[in-house]
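Trainee: To start, I am sharing the structure in question, which I have written as structure tokens.
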Amino acid sequence: MADFDYDPPPGDPVILFEDDRIIVVDKPSGLLSVPGKLEGRADCLIARLEVFRPGALLVHRLDCDTSGVMIFARDKQAQGYLGQEFEKRRAKKSYVARVAGVMAGDRGRVDLPLCADWDYRPRQKVDHDHGRPAVTDWEVIARGDGETRVRMFPQTGRSHQLRVHMLSLGHPILGDPIYAQGPEREFPRLMLHAERLGLHHPTGGGWVEFAATCPF
């Protein structure tokens, strides 16, 4: 089982938007979304948010190493409503990443089923026999210096989906402590950012979108 040193960055939660039903936060890289199972991993985004906005309720998660937009609910009804936005794939998400190598095409789709790699947790792997469906659309933003900046649109929400799908194309995300190798790992953080989130608001059902500026 893989382990890692947990040294989360300091700082109060950066609130992008809030009203009486939801709170939208820009999660920093290196901070868990929720408390970890191992000792010394109690510090997390929802615990920090509780200090300033008591009672905030979890709707979804981002990997510890991923930064960007996360939405929380302020009441149980809103939590259930937003949960359905994700479960029914009505929520629309986009991510920005820097990946190793120069990607040849300008856009494409990865449709590869994923499941846990039980002997090497928390790794995930492509598994056509036992994996759950996972689909990622991607498009190139820029190329240069042996890397590519890419925007990704996950159509499903599997664990490590974007990381494993980019790896499957031969272009691991730079700074990935799990999937990248050699110099591709030697970055101060995982170069993956949840840039934008759109969904229906629990009050009235109107479409809302939230964005967090990519820090790399």
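Here the numbering used here = 1-based position in the sequence shown + 48. Using N, Cα and C, we set each Cβ at its ideal position, and we do this for glycine too. Keep in mind it's a predicted model, so treat the numbers as computed, not measured.
How long is the line joining the alpha carbons of residue 237 and residue 104, rounded to whole angstroms?
Mentor: Each residue's Cα considered, the two are about 27 Å apart.
Trainee: Taking the continuous alpha helix (DSSP H) assigned at residue 215, which residues delimit it?
Mentor: First-last of the alpha helix (DSSP H) with residue 215: 209 to 216.
Trainee: Beta-carbon within less than 7 Å of residue 235's beta-carbon, same chain only, minus the 5 sequence neighbours each way: which residues are those?
Mentor: For residue 235, where only same-chain residues beyond five positions count, the Cβ hits under 7 Å are 222 and 223.
Trainee: What's the C-alpha gap between residue 100 and residue 85?
Mentor: Straight-line Cα distance between these residues: approximately 24 Å.
Trainee: Using only alpha-carbon positions, find the residue among 181, 159, 190 and 122 that is nearest to residue 152.
Mentor: Residue 152 has its Cα closest to that of 190, out of 181, 159, 190 and 122.
Trainee: Rank 248, 177, 229 and 115 by C-alpha distance to the C-alpha of residue 73 and give the top, closest one.
Mentor: When each option's Cα is compared against that of residue 73, the closest is 115.
Trainee: Could you tell me whether the stretch 123 to 134 touches the stretch 248 to 259, where touching means 3 or more Cβ pairs closer than 8 Å?
Mentor: Touching, yes.
Trainee: As a quick exercise: from 126, 67 and 174, pick the residue whose alpha carbon is nearest that of residue 210.
Mentor: The shortest C-alpha separation from residue 210 is found at 174.
Trainee: Quick check on this structure: which residue in 143, 142, 117 and 108 has the alpha carbon closest to the alpha carbon of residue 126?
Mentor: Per the Cα distances, 108.
Trainee: Starting from the C-beta of residue 49, find all residues in its chain whose C-beta is less than 7 Å away, skip the five residues before and the five after it, and write them out in chain order.
Mentor: The predicted model places residue 49 with a pLDDT of 38, which falls under 50 and marks its position as unreliable, so this point remains unresolved.
Trainee: Apart from the five residues on each side of it in sequence, which residues of its chain come closer than 8 Å, Cβ to Cβ, to residue 80?
Mentor: 54, 56, 89, 91, 92, 93 and 112, listed in sequence order.
Trainee: Give a yes or no on whether the C-beta atoms belonging to residue 243 and residue 77 are separated by under 7 Å.
Mentor: Contact flag unset, no.
Trainee: Counting only the same chain and skipping the five closest in sequence on each side, list residues whose C-beta sits under 7 Å from that of residue 156.
Mentor: Counting only Cβ-Cβ distances below 7 Å, and skipping sequence neighbours, we find 186.
Trainee: Would you say residue 154 and residue 188 are within 7 Å of each other, going by their C-beta atoms?
Mentor: Yes, Cβ-Cβ distance for residue 154 and residue 188 is below 7 Å.
Trainee: Would you call residue 229 buried or exposed, if buried means 16 or more other Cβ atoms sit within 10 Å of its Cβ?
Mentor: Exposed, because fewer than 16 other Cβ atoms sit within 10 Å of the Cβ of residue 229.
Trainee: Roughly how many whole angstroms lie between the Cα atoms of residue 171 and residue 162?
Mentor: Each residue's alpha carbon lies about 10 Å from the other.
Trainee: Should residue 153 be listed as close to the ligand MG, given that the test is whether its C-beta is under 6 Å from any heavy atom?
Mentor: No copy of the ligand MG occurs in the structure displayed, which carries no ligand at all.
Trainee: To the nearest angstrom, report how far apart residue 245 and residue 64 are at their CA atoms.
Mentor: The alpha-carbon atoms of residue 245 and residue 64 are separated by roughly 12 Å.
Trainee: Evaluate residue 136 with the Cβ neighbour count: other Cβ atoms within 10 Å of its Cβ, from every protein chain shown; 16 or more gives buried, anything less gives exposed.
Mentor: Its Cβ having fewer than 16 others within 10 Å, residue 136 is exposed.
Trainee: According to DSSP, residue 134 sits in a beta bridge with which residue or residues?
Mentor: According to DSSP, residue 134 bridges with nothing at all.
Trainee: First and last residue of the alpha helix (DSSP H) that includes residue 235?
Mentor: Taken as a continuous stretch (DSSP letters only), residue 235 belongs to no alpha helix (DSSP H), as it is neither H nor E.
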